[in-house]
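Read in order, the letters of the sequence shown correspond to residues 5 to 75 in this note's numbering.
Backbone N, C-alpha and C fix where the C-beta goes; we use that ideal spot for every residue, glycine too.
Predicted, not measured: the structure shown is a model, and the values here were computed from it.
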Amino acid sequence: MAADPPRQLLDRALHWAKANNYQEVYNSVARTNMNAITFLESQGWEREATRKNHFTVGNQQVDEVMLAYAF
Numbered sequence: 005m006a007a008d009p010p011r012q013l014l015d016r017a018l019h020w021a022k023a024n025n026y027q028e029v030y031n032s033v034a035r036t037n038m039n040a041i042t043f044l045e046s047q048g049w050e051r052e053a054t055r056k057n058h059f060t061v062g063n064q065q066v067d068e069v070m071l072a073y074a075f
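As structure tokens, this is what we get:
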């Protein structure tokens, strides 16, 4: 079985947060990064908000997708 570094990193971070009594953790991603959004949602993260035109990429304004994971 091949290692899955993104999932391992996320699992380790969530394990640490839970061990330190966090009830919820947050992440934000540019709307154009659909791979990250799809990955996080597949791991149980939920979209909580979108901030319009939050990032500037080149000359383009890009929305920020804010996600949360609750323990």
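Buried or exposed: V61, going by 16 or more other Cβ atoms within 10 Å of its Cβ?
-> exposed
Expressed to the nearest angstrom, what Euclidean distance is found between the alpha-carbon atoms of A17 and Q64?
-> 31 Å
Who are the Cβ neighbours of M5 in its own chain at under 6 Å, not counting the five residues just before and after it?
-> Note that M5 scores 48 on pLDDT, short of 50, meaning its location in the model is unreliable; the coordinates nonetheless yield the value given after this. Hits under 6 Å: none found.
Going by alpha carbons, who is nearest to V69 out of K22, T54 and F43?
-> T54
Quick one: what does DSSP say R21 is sitting in, helix, strand or coil?
-> Residue identity check: residue 21 is Ala in the sequence provided, not Arg. Note: A21 maps to helix in three-state DSSP.
Looking at the structure shown, is Y26 part of a helix, part of a strand, or coil, going by DSSP?
-> coil
Would you kindly report the start and end of the unbroken alpha helix (DSSP H) that includes N39?
-> M38 to S46
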